[in-house]
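**Q** Residue numbers (my numbering): 1 to 377.
A virtual CB, placed ideally from N, CA and C, is assigned to each residue, including glycine.
Before I ask anything, here is the structure I am working with.
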């Protein structure tokens, strides 16, 4: 017997290593969730605010933050709805109840105002999770899977349809995970901060909405995002009435609008090289669906997407990173003019809104004097 090549090294199967143990974690001594109440009394005319105080021994695991709310649907005057009233919350209420989410770190606003938080949440849900996740953990957020053929179906009676409703928030709490770090690790961080800054890589999300008037056959939108080129861009279209919260419309009913041409232009370079040219009349849109699968990082992997090709929600996804690898490494920052060209097979019967969801690679730093620095805005 011989090696396949002289440079191939000898190895041993891990199951034959009978004398080594897994390493022991000692840097974190304890973890617990702490309930944070709202900063002020709940009011329908005031934002919901939470203030998270620092603690010398504890770090905060912000990725594990949870929001718990109790609410009910009431009439416009605040009275209880009638028994049997056919009105429900829109899908994903834990997110869709809010149109803006701001995060302030050390008196610095580190998020951007776009007033489209509900659309950000639903797009991230579609791209990042599977049906199994919706049927288990996301039930806690009021999520259900829409039937693609029943998006605009309504059970409202004429009386219900003429009634005005609102959501009354009864209680709210933020659960923040605090982590007690070993003294040696805290001391090491304090010493390192004397000569350097703590660095927190983030995927910053930018949202924009552009209106396309009825009767349009072509949409050319210049300067989608000024400055930095996003690493990923998602384009979706919703009817203006749906976007404006019409009671009888599903705000998350992304429509194809008979698009027959979709391409981006980065300083004049067309992306993709062959533009997207779906034909929805004849159900030809497999390329558009596969681009969404690849942009979600699930291409050629045994990781199911939330929606099938038959349920395709007409999101046009573009991976603008140089290697298109959905990897953990950074790419060079490019400042370019990004343009979108959309063509429609038929004149638009109604005004629609084009929703853009973009991901940017950025960095937040905390310097030795505990000032917060970031490389955007």
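Tell me, please, which residues DSSP counts as bridged to residue 203.
**A** Numbered from its first residue, the chain shown carries residue 203 at position 203. Partner(s): 361.
**Q** Find the nearest neighbour of residue 247 within the set 41, 213, 87, judged by alpha-carbon distance.
**A** Taking the chain shown and counting its residues from 1, the one referred to as residue 247 is at position 247. Nearest option by C-alpha distance: 87.
**Q** Between the alpha carbons of residue 229 and residue 1, how many angstroms are there, rounded?
**A** The count along the chain shown starts at 1 and reaches residue 229 at position 229. The count along the chain shown starts at 1 and reaches residue 1 at position 1. When rounded, the distance between both Cα atoms is 54 angstroms.
**Q** On the DSSP bridge list, what partners appear for residue 35?
**A** Start at 1 with the first residue of the chain shown, and residue 35 comes out as number 35. 175, per the DSSP bridge assignment.
**Q** Going straight from the alpha carbon of residue 170 to that of residue 102, what length do you get?
**A** Taking the first residue of the chain shown as position 1, residue 170 is located at position 170. Taking the first residue of the chain shown as position 1, residue 102 is located at position 102. When rounded, the distance between both Cα atoms is 21 angstroms.
**Q** Quick one: give me the first and last residue of the alpha helix (DSSP H) that residue 93 is part of.
**A** Here the question's residue 93 lines up with position 93 in the chain shown. Run containing residue 93: 93-96, per the alpha helix (DSSP H) assignment.
**Q** Please tell me whether residue 70 and residue 182 are closer than 7 angstroms, where the distance is taken between their beta carbons.
**A** As a position in the chain shown, residue 70 is number 70, starting the count at 1. As a position in the chain shown, residue 182 is number 182, starting the count at 1. Taking 7 angstroms as the Cβ cut-off, residue 70 and residue 182 do not qualify as a contacting pair.
**Q** With 16 as the cutoff for other CB atoms within 10 Å, does residue 194 come out buried or exposed?
**A** Residue numbering aside, residue 194 sits at position 194 when the chain shown is read from its first letter. By the neighbour-count rule (16 or more Cβ atoms within 10 Å), residue 194 is not buried but exposed.
**Q** Measuring only the C-alpha atoms, how far is residue 375 from residue 120?
**A** Numbered from its first residue, the chain shown carries residue 375 at position 375. Numbered from its first residue, the chain shown carries residue 120 at position 120. Rounded to the nearest angstrom, the two C-alpha atoms are 22 angstroms apart.
**Q** Assign residue 318 to buried or exposed, taking buried as 16 or more other Cβ atoms, counted over all protein chains shown, within 10 Å of its Cβ.
**A** Here residue 318 is taken as the residue at index 318 of the chain shown, counted from 1. It counts as buried.
**Q** Check residue 184 in the structure and name its three-state DSSP category.
**A** The residue labelled residue 184 in the question sits at position 184 within the chain shown. Correct three-state label for residue 184: helix.
**Q** Would you call the segment 358-375 in contact with the segment 280-289, where contact means no fewer than 3 C-beta pairs closer than 8 angstroms?
**A** With the cut-off at 8 angstroms, the segment 358-375 and the segment 280-289 do not touch.
**Q** Within 10 Å of its beta-carbon, does residue 325 have 16 or more other beta-carbons around it, so buried, or fewer, so exposed?
**A** As a position in the chain shown, residue 325 is number 325, starting the count at 1. With fewer than 16 Cβ atoms within 10 Å of its Cβ, residue 325 is classed as exposed.
**Q** What three-state label does DSSP hand residue 5 in the structure shown?
**A** On the chain shown, residue 5 is found 5 positions in, with the first residue counted as 1. Coil at residue 5, not helix or strand.
**Q** Compare the C-alpha of residue 392 against each of 278, 47, 265 and name the closest.
**A** Nothing in the structure corresponds to residue 392, since the chain is present only between 1 and 377.
**Q** In whole angstroms, what is the alpha-carbon distance linking residue 84 and residue 99?
**A** Against the chain shown, residue 84 aligns to sequence position 84. Against the chain shown, residue 99 aligns to sequence position 99. Roughly 29 angstroms separates the two Cα atoms.
**Q** Just to confirm the assignment, what range does the alpha helix (DSSP H) spanning residue 120 have?
**A** Numbered from 1 along the chain shown, position 120 holds the residue referred to as residue 120. From DSSP, the alpha helix (DSSP H) with residue 120 extends over 117-128.
**Q** Is residue 155 buried or exposed, if buried means 16 or more other CB atoms sit within 10 Å of its CB?
**A** Locating residue 155 in the chain shown gives position 155, counting from the first residue. For residue 155, the pLDDT reaches just 43, beneath the cut-off of 50, and the residue's location in the model is therefore unreliable, leaving the point undetermined.
**Q** Residue 380 bridges to which residues according to DSSP?
**A** With the chain covering only 1 through 377, there is no way to say anything about residue 380.
**Q** If you follow the alpha helix (DSSP H) that residue 131 is in, where does it begin and where does it stop?
**A** Translated into the one-based positions of the chain shown, residue 131 becomes position 131. It spans 131-135 - the alpha helix (DSSP H) in which residue 131 sits, taken as one unbroken run.
**Q** From which residue to which residue does the beta strand (DSSP E) around residue 62 run?
**A** Locating residue 62 in the chain shown gives position 62, where the first residue counts as 1. Where residue 62 is concerned, the enclosing beta strand (DSSP E) stretches over 58-75.
**Q** Take the Cβ of residue 290 as the centre, count every other Cβ of all protein chains shown within 10 Å, and call the residue buried at 16 or more, exposed below.
**A** For the purposes of this step, residue 290 is taken as residue 290 along the chain shown, with counting starting at 1. Burial call: exposed.
**Q** Can at least three beta-carbon pairs, one atom from the segment 211-222 and one from the segment 61-68, be found at a separation below 8 angstroms?
**A** With contact defined as three or more Cβ pairs closer than 8 angstroms, the segment 211-222 and the segment 61-68 are not in contact.
**Q** Using C-beta distances below 6 angstroms, list every residue in its chain close to residue 34, excluding the 5 sequence neighbours before and after it, in chain order.
**A** Residue mapping note: residue 34 aligns to position 34 of the chain shown, counting from 1. So the list reads 176, 178, once near-sequence residues are dropped.
**Q** Which residues in the same chain as residue 117 place their Cβ atom closer than 6 angstroms to its Cβ, once the five residues preceding and following it in sequence are excluded?
**A** Indexing the chain shown from 1 puts residue 117 at position 117. Leaving aside the five residues that flank residue 117 on each side, the residues in its chain whose CB is nearer than 6 angstroms to its CB run, in chain order, 98, 99, 100, 101.
**Q** Please report the Cβ distance between residue 332 and residue 174, rounded to the nearest whole angstrom; I am assuming they are in contact, meaning their Cβ atoms lie under 8 angstroms.
**A** Counted from its first residue, the chain shown places residue 332 at position 332. Counted from its first residue, the chain shown places residue 174 at position 174. Actually they are not in contact, since the Cβ atoms of residue 332 and residue 174 sit about 37 angstroms apart, beyond 8 angstroms.
**Q** When the Cα of residue 222 is compared with those of 337, 370, 354, which residue comes out closest?
**A** Here residue 222 corresponds to residue number 222 of the chain shown, with the count starting at 1. Of the listed residues, the one whose Cα sits closest to residue 222 is 337.
**Q** Should residue 306 and residue 131 be called a contact, given that it needs their Cβ atoms to be closer than 7 angstroms?
**A** Translated into the one-based positions of the chain shown, residue 306 becomes position 306. Translated into the one-based positions of the chain shown, residue 131 becomes position 131. The answer is yes: Cβ separation under 7 angstroms.
**Q** My understanding is that residue 238 touches residue 255, with C-beta atoms under 8 angstroms, so please give their C-beta distance in whole angstroms.
**A** Counting from 1 along the chain shown, the entry for residue 238 is found at position 238. Counting from 1 along the chain shown, the entry for residue 255 is found at position 255. The Cβ separation is near 7 angstroms, so the contact holds.
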